[in-house]
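Asks: In my numbering, the protein residues as written are 1 to 438.
The C-beta atom is built at its ideal place from N, Cα and C for all residues, glycine as well.
Before we start, here is the structure in question, set down as structure tokens.
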Amino acid sequence: MTKTALNLPILISLVVGNMIGTGIYVLPASLAGFGTISLLSWIYTSIGAIFLALTFARLNKRYPKTGGPYVYCKEAYGHLTGFIVAYTYWISNMVSIAAISVASVGYLGFVTPTLDANTSAYHSHYALILELGIVWLFTLINIIGIHTAGVVQLFLTIIKIAPLIIVTLVGLGSIHLDNLTQFTLGQESHFTAISSAATLTFWAFIGLETATVPAENTKGPADIYKATVFGTIMTSLIYIASTVVLMGMIPVASLKNSQFPFAEAGTLLFGPHAALIIAICAFISGVGALNACTLVQGQIVFAAARDHLFPRMFAKLSKENAPIAGQLLSAILISLFLIMTIEPTLLEQFNYVALLAGLLTLLTYLATTLSELKFVIQNKLALTKTLMIKSMIIPLLAAIYAIWMISSFGSKIISVGVILILFCIPIYFFTVRKYENS
């Protein structure tokens, strides 16, 4: 592997670009159903994401190998745990790609009514064809090579950030404070509303660990630390500021039914032509995150296969460091998932897929934070002293945050997540365990 494939700017673009995908462009509509109390969910989720980012950065210093959370959990708890985490993380990335493709195509509804789920002209099968086309296009880009995918990511990230910053800064002067007074809309408690909204806002932070996954294609832990921590902080600020402005501009009653809220904000600020540009940028933003997720899924499959925890064919790289077999398998599975989860409206499909991706990623994050806690404890003789040192504070808070977030998901989503995880255990024992001692 070449360590010059992904430099610091590209790593930052991977972290920021993976998180700032379709989430910030679509989630304001989903969150509006909870009221402006959901703004607190952004704040809480941002703090938790920073704790997680710091934990991942520390773990990368311990084990600077390709694979990210899979490597850390395998080193901490053995091959079975490593396999489960690799499997769960791989599935979560594929589900995220599906969600991103759905939301990206949804924003094109501002361009053509054929893709606008709020009009009679909408055709779900046309949307599905576009979703599949996007998935396979970026699979091809990543097959060409990891450096090519990184350069494409840098370009797309620059494009996606620009309209968010412009709308946020200009929109500050168009905020109506009355729009921010609808604190809650339902009968549920404030804690329940914040927790429920946080299950959606967390989806927008999936990918904070992206820089740690292709570790052997970077210049080392220093670059990965900077990209992970500063990328997460930068993204948090953009999320909070832009959502405050959007909710202040558009009444909650209108916002919660919007398929493309940022484009509507662009209409209010600059007219219909500018809004069209924002809608196109939102689409580009989505496919940028999809590109980053595609890169990550190939690397995680490769890392596990190299350790004989996935079939050996997935450990083969092309001349350009591309895990072709893993990318092709993932694209096929994502395509099947999109076909199976098609819904009458894009927002319904997006919410379901986003929640499932968030749960699977949270389970991966929880396992990763527990790995760091184990490493810290192993380095100390007395547990009572260990609990008092600073190195315990961040992973402990990150673990508590992950547990709280997992408990906020509905029983239906949790059931599906548990079934997916349990399904991988017999796969390990019947097809992979024979390689454990090789």
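(1) Less than 7 Å between C-beta atoms, sequence neighbours within five positions excluded: which residues of the same chain meet that for A241?
(2) Is Q378 helix, strand or coil by DSSP?
(3) Please name the residue, chosen from F56, F409, L137, that lies closest to L356 on a Cα-to-Cα basis.
(4) Taking the alpha carbon of G48 as the reference point, which residue from S124, V26, T199, E320 has its own alpha carbon closest?
(5) Which of the three DSSP states is assigned to S415 in this structure?
(6) Considering only residues of the same chain and omitting the five flanking positions on each side of F202, which have a CB-CB separation below 6 Å?
(7) Using the three-state DSSP reduction, which class does K160 fall into: helix, strand or coil?
(8) Using the three-state DSSP reduction, which class does K74 fall into: helix, strand or coil?
(9) Classify A382 as buried or exposed, calling it buried when 16 or more other Cβ atoms lie within 10 Å of its own Cβ.
(10) What three-state label does DSSP hand T36 in the structure shown?
(11) Buried or exposed: F283, going by 16 or more other Cβ atoms within 10 Å of its Cβ?
(12) Given a cut-off of 8 Å, decide if M234 and V85 are closer than it, judged by their beta-carbon atoms.
(13) Cutting at 6 Å between CB atoms, please list the residues of its own chain near N18, excluding the five before and the five after it.
(14) Which same chain residues, not among the five before or five after W136, have their C-beta less than 8 Å away from its C-beta?
(15) Would you report the Cα separation of I24 and A103, rounded to the nearest angstrom?
(16) Cβ of T294 within 8 Å of Cβ of I50?
(17) Using a Cβ-Cβ cut-off of 8 Å (strictly less than) and excluding sequence neighbours within five positions of K65, which residues of its own chain qualify?
(18) Of all the options S411, L362, V416, I194, which has the alpha carbon lying nearest to the alpha carbon of A53?
(19) Going by the CB atoms, is the gap between I194 and S41 shorter than 8 Å?
Replies: This is what the structure holds:
(1) T168
(2) helix
(3) Nearest C-alpha to L356: F409.
(4) Closest option to G48, Cα to Cα, is T199.
(5) helix
(6) T45, G358, M405
(7) helix
(8) helix
(9) Its pLDDT being 48, under 50, A382 is placed unreliably by the model, and nothing is read from it.
(10) Coil, per DSSP.
(11) Buried: at least 16 other Cβ atoms inside 10 Å.
(12) no
(13) Taking C-beta separations shorter than 6 Å and ignoring five residues to either side along the sequence, the partners of N18 in its chain run G207, T210, A289, A292, following chain order.
(14) A331, S335
(15) Here the alpha carbon of I24 sits roughly 11 Å from the alpha carbon of A103.
(16) Their beta carbons are not under 8 Å apart, which means T294 does not touch I50 by this criterion.
(17) V71, A215, E216, A303
(18) Minimum Cα distance to A53 is reached at L362.
(19) yes
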